[in-house]
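**Q** Heads up: the sequence shown begins at 0 in numbering that gives the first Met the number 0, then just goes up one per residue. C-beta atoms are modelled at their ideal positions from N, C-alpha and C, and glycine is treated no differently. First the structure, then my questions, so here it is.
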Amino acid sequence: MKSTIISIAAAVFAFAVPAAAQDAGEGEYLSACASCHGVSAMGDGPMAEFMSVKTPGLTGLSAANDGDFPMLDVIHMIDGRSGIGGHGREMPIWGARFKADNIEYAGVYGAEVIARGRVLALAEYIESIQK
């Protein structure tokens with residue numbers, strides 16, 4: 000009986016965690032990205048028209064990469080480790096912003112862990128909306 004309860008609890012947890020991560024990633028997307036990339040992630044957000052470069056859509060990243068989602072490239076773009084030209088970049092460096100949001104109460108190392116989790120949740124959400 001006890002092993003059955005543990006098995007059921009493990010199964011429920013296995014399905015609940017990805018759903019919670021999906022919700023967290025979607026929340027990050029809506030608060031940090033949708034203003035430029037659009038709620039639909041097609042590059043049609045209300046701020047896109049004010050950008051000096053065309054805001055890219057995000058739903059075709061896998062298709063443009065032979066069907067494989069470029070997870071590491073997306074993470075690096077979000078957190079600011081790539082995509083930085085000689086004169087800066089159009090997209091905010093979200094890793095630094097996410098970290099700054101949490102330094103006061105989590106400390107430097109805790110804030111880094113939280114920021115990486117937020118970036119990963121966001122990247123996983125973007126992966127989930129690929130067409």
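1) Given this structure, state the Cα-to-Cα distance separating Gly24 from Val52, to the nearest angstrom.
2) Find the nearest neighbour of Gly116 within the set Phe97, Gly106 and Gln129, judged by alpha-carbon distance.
3) For Gly26, which residues of its own chain have a beta-carbon under 7 Å away from its beta-carbon, when the five flanking residues on both sides are left out?
4) Check this for me: beta carbons of Gly42 and Pro55, under 8 Å apart or not?
5) Is it true that the CB of Val118 sits closer than 8 Å to the CB of Trp93?
6) Between which two residues does the alpha helix (DSSP H) carrying Ala95 extend?
7) Look up Phe49 in the DSSP assignment and say whether it is helix, strand or coil.
8) Whose C-beta lies closer than 7 Å to the C-beta of Ala120 among residues of the same chain, with five residues either side of it excluded?
9) Tell whether a beta-carbon distance below 8 Å holds between Ala47 and Gly37.
10) Express the C-alpha separation of Ala95 and Ile102 in angstroms, rounding to a whole number.
11) Hey, would you say Ile72 sits closer than 8 Å to Ser81, going by beta carbons?
**A** With the structure as the only source:
1) 25 Å
2) Phe97
3) none
4) A contact, by the Cβ cut-off of 8 Å.
5) The answer is yes: Cβ separation under 8 Å.
6) Trp93 to Ala99
7) helix
8) Spatial neighbours of Ala120 in its own chain (CB-CB distance under 7 Å, excluding positions within 5 residues in sequence) are listed in chain order as Ala20, Ala23, Gly24 and Glu27.
9) The answer is yes: Cβ separation under 8 Å.
10) 11 Å
11) The amino acid at residue 72 is misidentified as Ile; the sequence shows Asp. A contact, by the Cβ cut-off of 8 Å.
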